[in-house]
Amino acid sequence: MRRREFITLIGGAAAWPLAARAQQGERVRRIGVLWSIPADQPDAQARHAAFLQALRQLGWTEGGNVQIETRWSAGDAAITRKQVAELAALTPDVILAIGSAGVAAILQATRSVPVVFAVVPDPVGSGFVESLAEPGGNATGFIMFEYDLSAKWLELLKEIAPIVTRAAVLRDAAITAGIGQFAVIQSVARSVGIDVKAINLRDAATLESSVAAFARAPNGGLILTASGLSVVHRDLIISLAAKYRLPATYQERSYVAAGGLVSYGSNFLDQHRRAAVYVDRILKGEKPSALPVQVPTKYDLVINLKTAKALAITVPDSLLARADEVIE
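With this note's numbering as the guide, the letters of the sequence shown map in order to residues 3 to 330.
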């Protein structure tokens, strides 16, 4: 072997372990992700993909410099507690929690692991943070909407279906946000000319019987508030609204894409991309207590004309003109 080739071979062999050791020396970070909705929801997978894509754009590659542990609880409290215990035992560098129920369970389990939350209606009222500007603990993130938005669902129901004089508000009374959303809706009901009653989201059979009982009287409508159970029962609620010919308003676009009448709410895909930015900042050393809770900057109005036609509703031109998206 020539001397030059021998030196090159030896030099390359010496360099390889150094490169390998450098790669091995880079600490792989661990992110826990807890979803309060079912994994088989198409929109849930789209949101998860948006989060992962944003992470990649920030330089975090799953299977490379970051390991991601994902759990889906589908709104079940017992499963949520079990999965929170699993994630806490893994001692992740940060946990992303989607929905109020998951955040509550995580903060009961740990006050040391940084938590970024998304799609949470009331983090202050729920005790997750001290204030939006100064979270003060180990959690921060992105709120789903401000409570005032709940009143707009009732106003929107009256605008798209003026015949409605009664509304059933479907809410999860087990979470602070469910109570708060109903309180806001109830506070404006008289001014809109609609009597409201709460239907608590529980199991499918109870929900179906409650809506059927409500629909026995005329001029009724539905308002679906935000919670993990709202997502779990999404298809059932949409089918019940169609079956009993009840105009219904929803808090997010995916419900209208699945056959709901109308929605007004924030863009969840954008919120999950923004959550990745906070996860990135925490992985680089920032503290949740120093990152203010962010509020949505844009809300989308989405209308399903096919559903309106099935309900014999003529959507006002003024409402169509304001719509961000019209599904036909």
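Just so you know, even glycine gets a beta-carbon here, dropped at the ideal spot from N, CA and C.
Predicted model, so just to flag it, every value in this text is computed and none were measured.
Query raised in the report: Is the segment 279–287 in contact with the segment 87–103, if contact means three or more CB pairs nearer than 8 angstroms?
Result: Three or more Cβ pairs drawn from the segment 279–287 and the segment 87–103 lie within less than 8 angstroms of each other, which places the two stretches in contact.
Query - Same chain only: Cβ atoms within 8 angstroms of Pro-116, ignoring 5 sequence neighbours per side - result: Residue 116 sits at position 114 when you count from the first residue of the sequence shown. Cβ within range, chain order: Asp-95, Val-96, Ile-97, Asn-140, Ala-141, Ile-284, Lys-289 and Pro-290.
Report task. May I ask you to list the residues that DSSP assigns as paired with Gln-85? Result -> In the sequence shown, the residue the question calls residue 85 occupies position 83. Looking at the DSSP assignment, Gln-85 forms no beta bridge with any residue, so it has no partner.
Query raised in the report: Given a threshold of 16 other Cβ atoms within 10 Å of its Cβ, counted over all protein chains shown, does Ala-314 qualify as buried or as exposed?
Result: To locate residue 314, count along the sequence shown from 1; it is residue 312. By the 10 Å Cβ count, Ala-314 comes out exposed.
Report task. Express the C-alpha separation of Thr-251 and Gln-69 in angstroms, rounding to a whole number. Result -> One-based indexing of the sequence shown puts residue 69 at position 67. One-based indexing of the sequence shown puts residue 251 at position 249. So the alpha carbons of these two residues sit roughly 39 angstroms apart.
Query raised in the report: What is the DSSP secondary structure of Leu-60, reduced to helix, strand or coil?
Result: By one-based count along the sequence shown, residue 60 stands at place 58. Looking at Leu-60 - three-state DSSP - the assignment turns out to be coil, as it is neither helix nor strand.
Query raised in the report: Under the three-state reduction of DSSP, which class applies to Val-328: helix, strand or coil?
Result: Walking along the sequence shown from the start, residue 328 turns up at place 326. Strand at Val-328.
Query - Expected contact under 8 angstroms - CB spacing of Thr-178 and Ser-128 to nearest Å - result: In the sequence shown, counting from the first residue as 1, residue 178 sits at position 176. In the sequence shown, counting from the first residue as 1, residue 128 sits at position 126. At roughly 4 angstroms, the Cβ-Cβ gap stays under 8 angstroms, so Thr-178 and Ser-128 are in contact.
Query raised in the report: Going along the chain, which unbroken runs of the beta strand (DSSP E) with 3 or more residues stay wholly within the segment 253–277?
Result: Within the segment 253–277, the complete beta strand (DSSP E) runs of at least 3 residues are 264–268.
Query raised in the report: Measuring CA to CA, which of Val-166, Phe-144, Leu-293 and Ala-76 is closest to Pro-137?
Result: As a working note, residue 137 is residue 135 in the sequence shown. Answer by Cα proximity: Leu-293.
**Report entry** Inter-residue Cα distance where the pair is Arg-192 and Gly-66
**Finding:** On the sequence shown, residue 192 is found 190 positions in, with the first residue counted as 1. On the sequence shown, residue 66 is found 64 positions in, with the first residue counted as 1. Approximately 57 angstroms between the Cα atoms of the pair.
**Report entry** Host alpha helix (DSSP H) of Glu-161 (start-end)
**Finding:** In the sequence shown, residue 161 corresponds to position 159, counting from 1. The continuous alpha helix (DSSP H) containing Glu-161 extends over residues 150–162.
Query raised in the report: Between the segment 103–111 and the segment 148–167, do at least 3 Cβ pairs fall closer than 8 angstroms?
Result: no
**Report entry** Ser-189 to Arg-31 span [Cα, whole Å]
**Finding:** Locating residue 189 in the sequence shown gives position 187, counting from the first residue. Locating residue 31 in the sequence shown gives position 29, counting from the first residue. Straight-line Cα distance between these residues: approximately 47 angstroms.
Query raised in the report: What did DSSP end up calling Thr-208 once you bin it into helix, strand or coil?
Result: Mapped onto the sequence shown, residue 208 falls at position 206. Looking at Thr-208 - three-state DSSP - the assignment turns out to be helix.
Query raised in the report: When DSSP labels each residue in this structure, what does Ala-312 get in the three-state scheme?
Result: Sequence index remark: in the sequence shown, residue 312 carries index 310 (1-based). Reduced to three states, the DSSP call for Ala-312 is helix.
**Report entry** beta strand (DSSP E) segment containing Val-317, residue limits
**Finding:** To locate residue 317, count along the sequence shown from 1; it is residue 315. Careful: Val-317 lies outside any beta strand (DSSP E) and carries neither H nor E.
**Report entry** Proximity winner among Val-317, Gly-182 and Ala-176, relative to Ala-79 (alpha-carbon distances)
**Finding:** The residue you call residue 79 lines up with position 77 of the sequence shown. When only C-alpha atoms are compared, the closest one is Ala-176.
**Report entry** Segment contact flag, the segment 228–247 with the segment 269–278, C-beta cutoff 8 angstroms, min 3 pairs
**Finding:** In short, these stretches do not touch, since the Cβ pair count stays below three.
Query raised in the report: Nearest to Lys-154 by alpha carbon, out of Ile-145, Asp-174, Val-35 and Ala-185?
Result: Taking the sequence shown and counting its residues from 1, one reaches residue 154 at position 152. The option with the nearest alpha carbon to Lys-154 is Ala-185.
Query - Cβ-Cβ separation, Ile-39 to Val-233 (assumed contact under 8 angstroms), whole Å - result: Within the sequence shown, numbered from 1, the residue matching residue 233 stands at position 231. Within the sequence shown, numbered from 1, the residue matching residue 39 stands at position 37. That pair is a contact at about 4 angstroms.
Query raised in the report: Can you give, in chain order, each stretch of the beta strand (DSSP E) that sits fully within the segment 67–137 and has at least 3 residues?
Result: 68–74, 96–100 and 117–122
Query raised in the report: Leaving out five residues before and five after Glu-157 in sequence, what residues of the same chain have Cβ atoms less than 7 angstroms from its Cβ?
Result: As a working note, residue 157 is residue 155 in the sequence shown. If we look at Glu-157 and ignore the five residues flanking it on each side, its Cβ neighbours are Val-194.
Report task. With hydrogens ignored, establish whether the beta-carbon of Glu-254 is closer than 7 angstroms to any heavy atom of the ligand PLP. Result -> Only the bare structure without any ligand can be found here, which leaves the ligand PLP out of the picture.
Query - His-235 vs Ala-207 beta-carbon contact at 8 angstroms - result: Residue numbering aside, residue 235 sits at position 233 when the sequence shown is read from its first letter. Residue numbering aside, residue 207 sits at position 205 when the sequence shown is read from its first letter. Not in contact: His-235 and Ala-207 (Cβ atoms no closer than 8 angstroms).
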